[in-house]
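Following: one structure in structure tokens, then a few remarks.
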Amino acid sequence: EADPAALDGLRRNLAANPDLSSRIEVVAKAIHPMAGPVSLGAKRKAGDSMSSILLANGPSTWTVEGIRPAELAAQLQDDERIVLKLDVEGAEYGLLPHLGPLLTPRTGAILVSFHPRIAGEALGPALPKALRAALGPLGRFSARPITAAGAGARSFEPALVRRGLRRTLGGDEWLFSRT
């Protein structure tokens, strides 16, 4: 968790749930294609659940240390199952193509919030190409859209986008899991 206010909330939640906290390792860094400082921002304030590198020039900004996917993968034990939640306000498009080191057979599921409006503001007409590249590493996972009612039926929409047969996904949040 790279947002300092959200990190504080996460740590308080884990402290209130000691049975769960023993199985969770908090990494207070921003996963990023490159190591080093990463600038983040939010439209309103840190902790508003809207922090992103795409908002680093916004009214509320901060810098955290970055960690590359390969570095994060190296910190995991060989027998640990990996479940990823990726919700970085439109920056998913640039990050997903670099997640290969974390997308091993041990990775059971990835929950991705794509935020096409925010990414569209940053990427403009390049958004469909960026979406195809983002979905590329997820080709070995089955996909289900997430709605207010929960996970939908298995969908081939991401495969159609990867092949250039669709330009967008129907829905912002998707669960990719091993079949």
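Residue numbers (this note's numbering): 131 to 309.
We put the CB at the ideal spot given by N, CA and C, even for glycine.
Kindly identify the DSSP beta-bridge partner or partners of residue i.
{"i": "valine 194", "result": "Val168"}
{"i": "threonine 392", "result": "Not covered by the structure: residue 392. The range shown for the chain is 131 to 309."}
{"i": "phenylalanine 306", "result": "Ile240 and Ala273"}
{"i": "serine 320", "result": "Residue numbering for the chain in the displayed model covers 131 to 309; residue 320 lies beyond these limits and cannot be assessed."}
{"i": "serine 182", "result": "Gly171"}
Any idea what DSSP makes of residue i, helix, strand or coil?
{"i": "leucine 216", "result": "strand"}
{"i": "glycine 301", "result": "coil"}
{"i": "proline 134", "result": "helix"}
{"i": "glycine 254", "result": "helix"}
{"i": "alanine 158", "result": "coil"}
{"i": "glutamine 207", "result": "coil"}
{"i": "arginine 142", "result": "helix"}
{"i": "alanine 260", "result": "helix"}
{"i": "proline 189", "result": "coil"}
{"i": "leucine 233", "result": "coil"}
{"i": "leucine 202", "result": "helix"}
{"i": "serine 152", "result": "coil"}
{"i": "glycine 294", "result": "coil"}
{"i": "proline 227", "result": "helix"}
If residue i and residue j are in contact, beta carbons under 8 Å, what's the gap, nearest whole angstrom?
{"i": "leucine 150", "j": "leucine 144", "result": "7 Å"}
{"i": "glycine 230", "j": "isoleucine 212", "result": "So it is not a contact: roughly 13 Å between Cβ atoms."}
{"i": "arginine 262", "j": "arginine 274", "result": "With 8 Å as the limit, arginine 262 and arginine 274 do not qualify as a contact, their Cβ atoms being about 19 Å apart."}
If you drop the 5 nearest sequence neighbours on each side, which residues of the same chain put their C-beta closer than 6 Å to that of residue i?
{"i": "leucine 233", "result": "Pro267"}
{"i": "leucine 214", "result": "Ile240"}
{"i": "leucine 305", "result": "Leu241, Arg274, Ile276 and Ala281"}
{"i": "arginine 236", "result": "Arg211 and Ile212"}
{"i": "alanine 160", "result": "Ala132, Val168, Val194 and Gly196"}
{"i": "proline 258", "result": "Arg297"}
{"i": "serine 181", "result": "Asp133, Leu170 and Ala172"}
{"i": "histidine 228", "result": "Pro163 and Pro199"}
{"i": "valine 218", "result": "Ser182"}
Note down, in chain order, each residue of its chain lying with its Cβ closer than 8 Å to the Cβ of residue i, except the 5 sequence neighbours on either side.
{"i": "glutamate 222", "result": "Leu216, Val242, Ser243, Phe244, His245, Ala249 and Ala264"}
{"i": "glutamate 287", "result": "Ala273, Pro275, Arg296, Leu299 and Gly300"}
{"i": "arginine 174", "result": "Met180, Pro189 and Ser190"}
Considering only residues of the same chain and omitting the five flanking positions on each side of residue i, which have a CB-CB separation below 7 Å?
{"i": "alanine 165", "result": "Gly196, Ile197, Arg198 and Glu201"}
{"i": "leucine 290", "result": "Arg296"}
{"i": "alanine 252", "result": "Leu184 and Gly220"}
{"i": "serine 169", "result": "Ile183, Ala186, Thr191 and Thr193"}
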